[in-house]
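>
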Amino acid sequence: MQRIQVSLKVNGKKYRLETPPNRTLLEVLREDLGLTGAKDGCSSGECGACTVLLDGRAVNSCLVLIGSADGHSIETVEGLQKAGMPHPLQKAFVEKGAVQCGFCTPGMLMAAKALLDQNPKPDEEQIRTALAGNLCRCTGYTKIIDAVQEAAKELRYE
Amino acid sequence: MQSFNYLAPHSQNELCQVLCNTAGKIIAGGTDMLPQMRNLKQTPSTLIDISHISDLRYIQESEDEVLIGALTTWSDILESPLIQKTAPALAQAASLVGAPMTRNRGTIGGNLGNASPAADSLPPLLTLDAIVHLNSQSGQRQVPLRNFLTGPGTTDLKADEYIQQVSYKKVALPFGNVFNKLGPRQGMTISIASVAVLLALDANGKITLARIALGAVAPTAVRCPDAEAFLLGKEPSTELWQEAAHQVRKAIAPIDDVRGTQEYRHHIAGILTRRALQTAYLSLQE
Ligand SMILES: Cc1cc2nc3c(=O)[nH]c(=O)nc-3n(C[C@H](O)[C@H](O)[C@H](O)COP(=O)(O)OP(=O)(O)OC[C@H]3O[C@@H](n4cnc5c(N)ncnc54)[C@H](O)[C@@H]3O)c2cc1C
Ligand code: FES
Ligand code: FES
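The listed protein sequences correspond, in order, to chains H and D. Going left to right, the first sequence walks through residues 200 to 357 as the working numbering numbers them. Going left to right, the second sequence walks through residues 104 to 389 as the working numbering numbers them.
Here is the structure:
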């Protein structure tokens, strides 16, 4: 069985690993690096539970072949906190009640981070567009939108 | 996932050699390929990952043409002022593809290569008379998009070729170019039917350019030459759009599938066409 060498930077830390090529970035993050924040909800790009940032852009890690992540920089939900302090998005999700079962939350947070990194002052429509690929079966989305708006405010130091 | 032999060329030269020496299947963004491999619709023994060939990702213009590299993502297209100006319907289609995550990975080359009759790049590109540029060890070949598409999921691509870029001639401003699709739901949806139109008028308000292309209502995305010819030289009106929509309904051959019935597709293809023509016309009045 062929094995390939892959270099990744994940949450600022460099990794060099060897793996069979028929694996996704999601599998490697969860199984090899122990980063189980990103979830496997559908394995087909439909639910967004596996969302991570690749070179700053939100992607479905279940649809990224590990070989094509080689040389790229990845951010996962585990990288959001700084020195034990939650990211403003994480804080707002908790405070606004945007988390129920939590399965969608890591993906939601990363899709929301990609949005706020690009657009510090999104309106509701823009938030809904940015999160259109992240399904939540619990919250009804309203509180998630509120949380993103709240976090955007805090990030702008308003 | 099934196992496969994995090759990742880093240049177009290397890719030509790989394609010449190995019977392999190309993967770009993987947003079509990985789901298809998971449900065994694709079982490649060798996978050729072209995502590391950085010089296949560009949007360029010459005096009279726009060139889009195969690895250009939907997000690149959506954010490009050049595309917004020269191919508004394509930018609009890009904004409606999947979710941001899909648009950040999915490429235009992959959309063409997958050749789904519902692929959203196709109607806009057909209204621009786009040309697909193919490359291989034995040289380059240019094929009009309408000949490149040979059936649902099939193209004129040879085993040793890859899609290098797609190009179109700039249309003289002003023109209206609109894309419209209907899916099972608002966001993140595969088209039940889609339409792109391109419209230009002369100083007297008569139609000088009319191009209509539809997706998901025939074995390939199609142009509607009869409806186009019918519109030429006429003055825009609601009745005219109705009649064009009627012509379009005659030209298509939709099927039943999980997303919609044949009858429903017939119905909405006309409605989408009428609306797109009106929107294109209104955009010319601005
Ligand atoms: C959740 C979701 C939503 C989607 N929504 C839409 C939508 O709204 N509209 C739409 O049109 N599509 C949609 N798609 C389908 C898909 O994202 C697009 O077709 C995308 O453009 C495919 O590009 P890719 O780079 O991911 O292709 P890949 O999956 O990498 O490849 C697709 C096919 O093209 C071939 N190929 C790729 N690049 C080349 C090349 N340069 N030369 C030759 N052959 C090549 C491959 O061999 C394969 O057969 C969706 C997919 C998902 C998962
Ligand atoms: S697990 Fe990747 S989108 Fe659902
Ligand atoms: S909180 Fe349960 S799926 Fe979103």
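We put the beta carbon where it would ideally sit given N, CA and C, even for glycine.
What are the residues in the segment 242–272 of chain H lying within 7 Å of chain D by C-beta distance?
Here the close residues are Ser242, Ser243, Gly244, Gly247, Thr250, Arg256, Ala257, Val258, Asn259, Leu262, Val263, Leu264, Gly266 and Ser267.
> Helix, strand or coil for His370(D)? Go by DSSP, reduced to three states.
Here residue 370(D) refers to the residue found at position 267 of the second sequence. Here His370(D) sits in helix by DSSP.
> Answer yes or no: do Thr175(D) and Gly244(H) have a C-beta to C-beta separation smaller than 8 Å?
Within the second sequence, numbered from 1, the residue matching residue 175(D) stands at position 72. Within the first sequence, numbered from 1, the residue matching residue 244(H) stands at position 45. Not in contact: Thr175(D) and Gly244(H) (Cβ atoms no closer than 8 Å).
> I'd like to know if Arg141(D) contacts chain H, where contact means its C-beta is closer than 8 Å to some C-beta of that chain.
As a first step, residue 141(D) is located in the second sequence; it is residue number 38 there, counting from the start. Yes, Arg141(D) counts as interfacial toward chain H.
> Got a sec, what are the start and stop residues for the beta strand (DSSP E) Val209(H) sits in?
The residue you call residue 209(H) lines up with position 10 of the first sequence. Ile203 to Val209 is the extent of the beta strand (DSSP E) around Val209(H).
> Ordered along the chain, which non-local residues of its own chain (more than five positions away) have a Cβ less than 6 Å from that of Pro287(H)?
Counting from 1 along the first sequence, the entry for residue 287(H) is found at position 88. Answer for Pro287(H): Ala350, Glu353 and Leu354, listed in chain order.
> Residue ranges of each alpha helix (DSSP H) run of no fewer than 4 residues wholly in the segment 309–336 of chain D, ordered along the chain?
As far as the segment 309–336 of chain D is concerned, its whole alpha helix (DSSP H) runs of at least 4 residues are 328–334.
> Which residues, in order along the segment 187–199 of chain D, keep a beta-carbon less than 8 Å from a beta-carbon of chain H?
Taking 8 Å as the Cβ-Cβ cut-off against chain H, none of the residues of the segment 187–199 of chain D qualify.
> Could you check what DSSP says for Ile355(D) in three-state terms: helix, strand or coil?
Here the question's residue 355(D) lines up with position 252 in the second sequence. Three-state DSSP puts Ile355(D) in coil, outside helix and strand.
> Counting only the same chain and skipping the five closest in sequence on each side, list residues whose C-beta sits under 8 Å from that of Gly308(D).
Locating residue 308(D) in the second sequence gives position 205, where the first residue counts as 1. The answer, listed in chain order, is Glu338 and Pro339.
> Does at least one heavy atom of ligand 3 sit under 7 Å from the Cβ of Phe292(H)?
Looking up residue 292(H) in the first sequence gives position 93. Outside the cutoff, so no.
> Could you tell me the boundaries of the beta strand (DSSP E) in which Arg206(D) lies?
Start at 1 with the first residue of the second sequence, and residue 206(D) comes out as number 103. Counting along the chain, Arg206(D) falls outside any beta strand (DSSP E), though it belongs to the alpha helix (DSSP H) covering Pro203 to Arg208.
> Looking at Leu193(D) and Pro391(D), is the spacing between their C-beta atoms short of 8 Å?
Absent from the structure is residue 391(D), since the part of chain D shown begins at 104 and ends at 389.
> Between Thr210(D) and ligand 1, is the CB less than 7 Å from at least one heavy atom?
Counted from its first residue, the second sequence places residue 210(D) at position 107. Indeed, a heavy atom of ligand 1 lies less than 7 Å from the Cβ.
> Using the Cα positions of Leu387(D) and Ala233(D), report the straight-line distance between them to the nearest angstrom.
For the purposes of this step, residue 387(D) is taken as the residue at position 284 of the second sequence. For the purposes of this step, residue 233(D) is taken as the residue at position 130 of the second sequence. About 22 Å.
> Below 7 Å CB to CB, which residues in the same chain sit around Gly336(D) once its five sequence neighbours on both sides are set aside?
Residue mapping note: residue 336(D) aligns to position 233 of the second sequence, counting from 1. Counting only Cβ-Cβ distances below 7 Å, and skipping sequence neighbours, we find Lys309 and Ile310.
> Could you check how far apart the C-beta atoms of Glu226(H) and Arg202(H) are, in whole angstroms? I think they sit under 8 Å.
Residue numbering aside, residue 226(H) sits at position 27 when the first sequence is read from its first letter. Residue numbering aside, residue 202(H) sits at position 3 when the first sequence is read from its first letter. No, Glu226(H) and Arg202(H) are not in contact; Cβ-Cβ is about 14 Å, not under 8 Å.
> If I measure Cβ to Cβ from Asp135(D) and keep anything under 7 Å in the same chain, skipping five residues before and after, which residues do I get?
What you label residue 135(D) is simply residue 32 of the second sequence in a count that begins at 1. The residues are Gly213 and Asn217.
> Cβ of Asp158(D) versus every heavy atom of ligand 2: is any distance shorter than 7 Å?
Position 55 of the second sequence, counting from 1, holds the residue named residue 158(D). Not under cutoff, so the answer is no.
> In angstroms, rounded to a whole number, what distance separates the CA positions of Glu168(D) and Ser183(D)?
Taking the first residue of the second sequence as 1, we reach residue 168(D) at position 65. Taking the first residue of the second sequence as 1, we reach residue 183(D) at position 80. Spanning the two alpha carbons is a distance of roughly 15 Å.
> Please specify which runs of the alpha helix (DSSP H), each continuous and at least 4 residues long, are wholly inside the segment 203–266 of chain D, giving them in chain order.
Runs found: 203–208, 211–217, 225–230 and 248–251.
> Less than 6 Å between C-beta atoms, sequence neighbours within five positions excluded: which residues of the same chain meet that for Leu159(D)?
Here the question's residue 159(D) lines up with position 56 in the second sequence. Gly172, Ala173 and Leu174.
> Listing by chain order, which chain H residues have their CB less than 8 Å from the CB of Asp223(D)?
Working through the second sequence from its first residue, we reach residue 223(D) at position 120. Under the 8 Å cutoff, chain H gives no residues; its nearest Cβ is about 15 Å from Asp223(D).
> Compute every distance between the C-beta of Val298(H) and the non-hydrogen atoms of ligand 3, then say whether any falls below 7 Å.
One-based indexing of the first sequence puts residue 298(H) at position 99. Yes, the beta carbon of Val298(H) sits closer than 7 Å to at least one heavy atom of ligand 3.
> Along the segment 123–142 of chain D, what residues have a CB closer than 7 Å to any CB found in chain H?
Residues Ile130, Gly133, Thr134, Leu137, Pro138 and Arg141.
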